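Structure first, commentary second.
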């Protein structure tokens, strides 16, 4: 019953290139007004996400293909309650609306979305937006819900009151969306828009009384609504059942991401490897083949394998967020999170980080408070992500005896693994507290959490969300990761050795540039119990932690005396127990992940924070590994 | 005269003023915490804090320290002339 599919596609106006023609349309509305759903519907999948220049505010742009107007660009502004320039989001919105945002064209028309379930409050945004004098269409969203719950609004009266056309829509169902192309079509041959005279609204209190008057004059009756939501909350926020269900949800998400996501990721990894092998015969043997397959393809694959897990995780976060439960989870978690200087909304990102820090850092977008968001981003990489697992598993299998305590209930290997998880968690919590009492003091921006009504998540919005996240992730893999992998490959294959007879060959790993780097850093890592080969592994794992395993495999496979041994036995030759434990703790703390650094750069819009984070985590990892190595030497000698 | 954080669950008050920095005040006002609005303490989070308040037909959770900066008066003192703000939260 989607109206966007029924609507006859509007023909573009006969002469679209008129000087006064429309080009740019802006979508604005308060948070939780259904703005994103509407944006997705209006643009279809033809959208791109970036940051506005110089700020961390996300910029979404798309062609309005969803209503047959691919000639128009739609810009989605951040969800805001007012145009008061207190928040970065509002300042960006004002600049865009006035055409003062660098790189963004001045908008020709505005679509203002409001949730008709809470119209009075949402009208407070309408006054300053309409006062800008741009041609504006007011869209009352969720009118179907409002009416079914006994609410009322006279849209015609409201249009007269506001001096702007008003349409009643349901972005979720797609009803009433036809009003948008109709409005845009009219704007094409519009007379010069006359600025609307509205009561100048100076402060929030007068804006509210204006909004209250308007909604009364237009016969607005708010729906009785929230009984259902309150009943659900009686259970989900119950003193006892609330936390119990919360834990069940958390464990459930965790469990599915690992038990279903891990095999999916493994299978996907095999497919990627097979693909590489399929292409291999098609390429001429030699350095090009090696660079493309052993360098670029392998490196990108090692990142791509996380895609299934990441999508699964975002599917859950999407369901939780769209249904309205995420706010409840934040409410339940807030008491605990604030003791370490974070807020309840940090909980989900930190949980996601057990799968991968990259989507977790992207998920911090739900934290509106910038300071809390930055603090969350900075501690997130300490959580034990799935990329650490291969390294832990290799080292545990090689160095930790498979002994059991308590009649076989508790294995030593499991204990070590749990210990590593705990180490990461404690480091994250401690770091959060340190941040709170040093560079990131809790500011006076309070924790204000809106609990939206429960809604059924729609498949469409979930799918669009996944596509969106996958796209960001893939772009990352396609650019930064690609460059770093190629660079590593080059470092491992230079200098070219000229053999007798003019034939060139690649050097032994020890003599390659990266091997020399390994030797170069050996003095720095020797106190931790690592030799130069581990050094190479550490260097290469800056790309991504699990690369360590394949690097060690290559290294030991290439050496004559360890060639025939399995990787585990080979490592035994080279390392003490102390060194192995130190290596594990090093991996627990160090920021060995280019993707994370890239996404932190993207989200904080500066290289400062990833640099600070990298150095802090490296220092901590070095000290901890040093301590562990020396303790182990003292105890197990 | 008291503050919002002193309301027990189920009790209501009429908002008088917000003793908060201007930016926070503005944010809260746009969420419905305007003078003369009727605010009801709906429930506490399982850990006892934050508390969910109903205002203007919305449910907003505030920590105790924030709620302690919101001055309210008893509902009985409610002036009929400002009842318009209650319409959305009957």
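Residue numbers (our numbering), protein chains in the order written: chain U, -8 to 628; chain C, 519 to 608. Backbone N, C-alpha and C define an ideal beta-carbon position, used for all residues, glycine too. Nothing here was measured: the structure is a model prediction, and the numbers come from that model.
Is it buried or exposed, residue 524(U), if we count other Cβ atoms within 10 angstroms and call 16 or more buried? As a position in the first chain, residue 524(U) is number 533, starting the count at 1. Burial call: buried.
Can you grab the Cα-Cα spacing for the pair residue 65(U) / residue 103(U), in whole Å? Taking the first residue of the first chain as 1, we reach residue 65(U) at position 74. Taking the first residue of the first chain as 1, we reach residue 103(U) at position 112. Rounded to whole angstroms, residue 65(U) to residue 103(U) spans 12 angstroms at the Cα level.
Do you know how far the Cα of residue 276(U) is from the Cα of residue 348(U)? Position 357 of the first chain, counting from 1, holds the residue named residue 348(U). Position 285 of the first chain, counting from 1, holds the residue named residue 276(U). Within the model, the alpha-carbon separation for residue 348(U) versus residue 276(U) is close to 37 angstroms.
Chain-ordered residues of the segment 72 to 94 of chain U with a beta carbon less than 8 angstroms from chain C: 72, 73, 75, 77 and 78
Any C-beta of chain C sitting closer than 8 angstroms to the C-beta of residue -2(U)? As a working note, residue -2(U) is residue 7 in the first chain. Note on residue -2(U): pLDDT 33, under 50, position unreliable in the model; the coordinate value appears next. Chain C, which has no Cβ nearer than 8 angstroms to the Cβ of residue -2(U), makes this no.
Ordered along the chain, which non-local residues of its own chain (more than five positions away) have a Cβ less than 6 angstroms from that of residue 394(U)? Taking the first chain and counting its residues from 1, the one referred to as residue 394(U) is at position 403. Within the same chain, residue 394(U) has close Cβ partners 403.
Residue 557(C) touches chain U at which residues, Cβ-Cβ below 7 angstroms? Indexing the second chain from 1 puts residue 557(C) at position 39. Chain U residues near residue 557(C): none, gap ~14 angstroms exceeds 7 angstroms.
Simplified DSSP state of residue 91(U), which is helix, strand or coil: Stepping through the first chain from its first residue, residue 91(U) is reached at position 100. Coil, per DSSP.
Candidates 398(U), 388(U), 340(U) and 164(U), of which the one nearest residue 376(U) by Cα: The count along the first chain starts at 1 and reaches residue 376(U) at position 385. Considering only alpha carbons, the answer is 340(U).
Nearest-angstrom Cα separation, counted from residue 108(U) out to residue 475(U): Sequence index remark: in the first chain, residue 475(U) carries index 484 (1-based). Sequence index remark: in the first chain, residue 108(U) carries index 117 (1-based). The straight-line gap from Cα to Cα measures roughly 50 angstroms.
The alpha helix (DSSP H) enclosing residue 607(U), as first and last residue numbers: For the purposes of this step, residue 607(U) is taken as the residue at position 616 of the first chain. Note, residue 607(U): alpha helix (DSSP H), 599 to 626.
Within 10 angstroms of its Cβ, does residue 235(U) collect 16 or more other Cβ (buried), or is it exposed? As a first step, residue 235(U) is located in the first chain; it is residue number 244 there, counting from the start. Exposed, since its Cβ has fewer than 16 Cβ neighbours within 10 Å.
Within 10 angstroms of its Cβ, does residue 578(C) collect 16 or more other Cβ (buried), or is it exposed? As a working note, residue 578(C) is residue 60 in the second chain. It is buried - the Cβ of residue 578(C) has at least 16 other Cβ atoms within 10 Å.
Residue 28(U) and residue 163(U) - do their beta-carbons sit closer together than 8 angstroms? On the first chain, position 172 is the one that residue 163(U) refers to. On the first chain, position 37 is the one that residue 28(U) refers to. In contact: residue 163(U) and residue 28(U) (Cβ atoms closer than 8 angstroms).
Using a Cβ-Cβ cutoff of less than 8 angstroms, which residues in the same chain neighbour residue 419(U) once the five nearest sequence positions on both sides are dropped? Here residue 419(U) is taken as the residue at index 428 of the first chain, counted from 1. Within the same chain, residue 419(U) has close Cβ partners 341, 370, 371, 373 and 374.
For residue 101(U) versus residue 87(U), is the C-beta distance shorter than 8 angstroms? Start at 1 with the first residue of the first chain, and residue 101(U) comes out as number 110. Start at 1 with the first residue of the first chain, and residue 87(U) comes out as number 96. The answer is no: Cβ separation not under 8 angstroms.
Reference residue 606(U); option with closest CA among 580(U), 538(U), 596(U) and 619(U): Your numbering for residue 606(U) matches position 615 in the first chain. Looking at 580(U), 538(U), 596(U) and 619(U), the one whose alpha-carbon comes closest to that of residue 606(U) is 580(U).
Please list, in chain order, all residues of the same chain as residue 505(U) whose beta carbon is under 8 angstroms from its beta carbon, the five residues on each side excluded. The residue given as residue 505(U) occupies position 514 in the first chain. Hits under 8 angstroms: 479, 482, 483, 527, 530 and 531.
Please compile the residues from chain C whose C-beta is within a distance smaller than 7 angstroms of the C-beta of residue 223(U). Along the first chain, read from residue 1 onward, the residue named residue 223(U) stands at position 232. Within 7 angstroms Cβ-Cβ: nothing; residue 223(U) doesn't reach chain C, min ~12 angstroms.
Would you call the CB atoms of residue 165(U) and residue 32(U) closer than 8 angstroms? Counting from 1 along the first chain, the entry for residue 165(U) is found at position 174. Counting from 1 along the first chain, the entry for residue 32(U) is found at position 41. Yes; because the gap between Cβ atoms is below 8 angstroms, this pair is in contact.
For residue 325(U), the nearest candidate out of 574(C), 566(C), 588(C) and 526(C) (CA to CA): Here residue 325(U) refers to the residue found at position 334 of the first chain. Nearest in C-alpha terms to residue 325(U), of all of 574(C), 566(C), 588(C) and 526(C), is 566(C).
For residue 226(U), count the other beta carbons within 10 Å of its own beta carbon; 16 or more makes it buried, fewer makes it exposed. Which is it? By 1-based counting over the first chain, the position of residue 226(U) is 235. Here residue 226(U) is exposed: its Cβ has fewer than 16 other Cβ atoms, across all protein chains shown, within 10 Å.
For residue 57(U) and residue 175(U), the rounded distance between their alpha carbons: Position 184 of the first chain, counted from the start, is the residue given in the question as residue 175(U). Position 66 of the first chain, counted from the start, is the residue given in the question as residue 57(U). Those two C-alpha atoms are separated by around 13 angstroms.
Residue 591(U) to residue 600(U), Cα distance in whole Å? Here residue 591(U) refers to the residue found at position 600 when the first chain is read from its first residue. Here residue 600(U) refers to the residue found at position 609 when the first chain is read from its first residue. Whole-angstrom Cα-Cα distance: 7 angstroms.
According to DSSP, simplified to helix, strand and coil, what is residue 132(U)? Locating residue 132(U) in the first chain gives position 141, counting from the first residue. In the structure shown, residue 132(U) sits in a strand (DSSP, three-state: E or B).
Proximal residues, the segment 436 to 457 of chain U versus chain C, C-beta separation under 9 angstroms: 436, 437, 438, 439, 440, 441, 442, 443 and 444
Against chain A, with Cβ distances strictly below 8 angstroms, would residue 522(C) count as a contact? This model lacks chain A altogether; the protein chains it does include are U and C.
Reference residue 224(U); option with closest CA among 197(U), 322(U) and 384(U): On the first chain, position 233 is the one that residue 224(U) refers to. For residue 224(U), the nearest C-alpha among the options comes from 322(U).
For residue 209(U), which option in 110(U), 195(U) and 566(U) has the closest C-alpha, if you only look at C-alpha atoms? Numbered from 1 along the first chain, position 218 holds the residue referred to as residue 209(U). Among 110(U), 195(U) and 566(U), the Cα nearest to that of residue 209(U) belongs to 110(U).
With 16 other Cβ atoms within 10 Å as the buried cut-off, status of residue 405(U): Mapped onto the first chain, residue 405(U) falls at position 414. Flag for residue 405(U) reads exposed.
Between the CA atoms of residue 437(U) and residue 168(U) - distance to the nearest angstrom: Counting from one through the first chain, the residue named residue 168(U) turns up at place 177. Counting from one through the first chain, the residue named residue 437(U) turns up at place 446. A direct Cα-to-Cα measurement between residue 168(U) and residue 437(U) gives close to 37 angstroms.
Taking the beta strand (DSSP E) that residue 147(U) belongs to, which residues open and close that run? Numbered from 1 along the first chain, position 156 holds the residue referred to as residue 147(U). That residue, residue 147(U), is in no beta strand (DSSP E); its alpha helix (DSSP H) goes 146 to 153.
Unbroken alpha helix (DSSP H) runs of length 4 or more, entirely within the segment 373 to 453 of chain U: which are they? 379 to 390 and 403 to 428
Option in 149(U), 154(U) and 131(U) with minimal Cα separation from residue 122(U): Numbered from its first residue, the first chain carries residue 122(U) at position 131. Nearest of 149(U), 154(U) and 131(U) to residue 122(U), Cα basis: 154(U).
With 8 angstroms as the threshold, decide whether the Cβ of residue 535(C) is near any Cβ in chain U. Locating residue 535(C) in the second chain gives position 17, where the first residue counts as 1. Not an interface residue.
Span separating the alpha-carbon of residue 300(U) from that of residue 346(U): Numbered from its first residue, the first chain carries residue 300(U) at position 309. Numbered from its first residue, the first chain carries residue 346(U) at position 355. Distance between the alpha carbons of residue 300(U) and residue 346(U): 7 angstroms.
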